[in-house]
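Novice:
Numbering (our numbering), first residue to last: 4 to 199.
1. Between residue 199 and residue 126, what straight-line distance do the alpha-carbon atoms span, to the nearest angstrom?
2. Can you tell me where the beta strand (DSSP E) holding residue 45 begins and where it ends?
3. Can you name, in chain order, every residue of its own chain whose Cβ lies under 7 Å from the Cβ of residue 112, other than the five neighbours on each side?
4. Within the same chain, show all residues whose beta-carbon is closer than 7 Å to that of residue 16, passing over the 5 residues directly before and after it, in chain order.
5. Let me check one thing: in DSSP terms, what residues is residue 124 bridge-paired to?
6. Out of 141, 47 and 98, which one is the CA nearest neighbour of residue 58?
7. Sorry if obvious, but does the Cβ on residue 134 come closer than 7 Å to a heavy atom of the ligand ADP?
8. Measuring straight from C-alpha to C-alpha, what distance separates residue 180 and residue 190?
9. Looking at residue 115: is its Cβ nearer than 8 Å to the Cβ of residue 131?
10. Measuring straight from C-alpha to C-alpha, what distance separates residue 134 and residue 71?
Okay, structure coming up:
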C-alpha cells in the first residue's frame, strides 16, 4: 500500500522589529518661518522560506500640518545565514582607592576604576579594558585597551561524582555441615552525573 508523504509544514516566519528611531529637526519654510519636523522610522524584517521582506514605515510630522506616513515593502532572497548576535558580557566595575605620596611629600587620594567588556561572536573574542585613574585635584585619565583573540572553547562541564555511605549487612548462614557462620556483605554505591 502506497502512502502519500505528509506535506511539509511551512516554517514559521521569523519577524524582527527594530526599535523606532525618532529624529527632530527644524525646517525653514519658503516664508522664512522655522518649524519643527519630527521624522519617525520603523523597520520590520520578516524572514520565511529563504525570502526576506523588509517593511520601512516613515512618518513625517511638520508642525501645524497633518502627519504623512510612507510605507515601503521590499522583498528579496534572504541572506544565506544571518550573522549570530554577539554575546556581550560586562563585568561589574571595580574601584580601588589608595593614597599616593607625591614628590612634594603630600599624600593624595587616588581612585582607580576598572571596567571589562567581553564580546564573543563567530569564534572571536574581543576584550575591552577601561581603566580610569583619578588623582585628587587633577583631571581623570582614562586608558582603553582592546584585545582580539580566538574565543576559548567552552570548557566541558566536570562530572559530578557522588559516593554514598557504605552499607554493611551481617547475616548468619548455616552450612551443610550444620555449622553456623557469619557472612558480611559490604555495598558501596558511586553515582557519576554529567550535566547537560
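No residue lacks a Cβ here, since even glycine has one placed at the ideal position from N, Cα and C.
Predicted model, so just to flag it, every value in this text is computed and none were measured.
Specialist: Let me spell this out:
1. As a working mapping, residue 199 is identified with position 196 in the chain shown. As a working mapping, residue 126 is identified with position 123 in the chain shown. Only weak support is given to the placement of residue 199: the predicted model assigns it a pLDDT of 48, under 50, and the value that follows is read from those uncertain coordinates. Each residue's Cα considered, the two are about 21 Å apart.
2. Here residue 45 refers to the residue found at position 42 when the chain shown is read from its first residue. From DSSP, the beta strand (DSSP E) with residue 45 extends over 37-51.
3. Here residue 112 is taken as the residue at index 109 of the chain shown, counted from 1. Same-chain partners within the cutoff: 100, 102 and 139.
4. Mapped onto the chain shown, residue 16 falls at position 13. Taken in chain order, the residues that qualify are 49, 50 and 51.
5. In the chain shown, the residue the question calls residue 124 occupies position 121. Paired residue(s): 127.
6. As a first step, residue 58 is located in the chain shown; it is residue number 55 there, counting from the start. It is 47.
7. For the ligand ADP, the structure offers nothing, since it holds no ligand at all.
8. As a working mapping, residue 180 is identified with position 177 in the chain shown. As a working mapping, residue 190 is identified with position 187 in the chain shown. Computed Cα separation, rounded: 28 Å.
9. Numbered from its first residue, the chain shown carries residue 115 at position 112. Numbered from its first residue, the chain shown carries residue 131 at position 128. Against a cut-off of 8 Å, the Cβ pair of residue 131 and residue 115 comes out as no contact.
10. Locating residue 134 in the chain shown gives position 131, where the first residue counts as 1. Locating residue 71 in the chain shown gives position 68, where the first residue counts as 1. Going from the Cα of residue 134 to the Cα of residue 71 covers about 48 Å.
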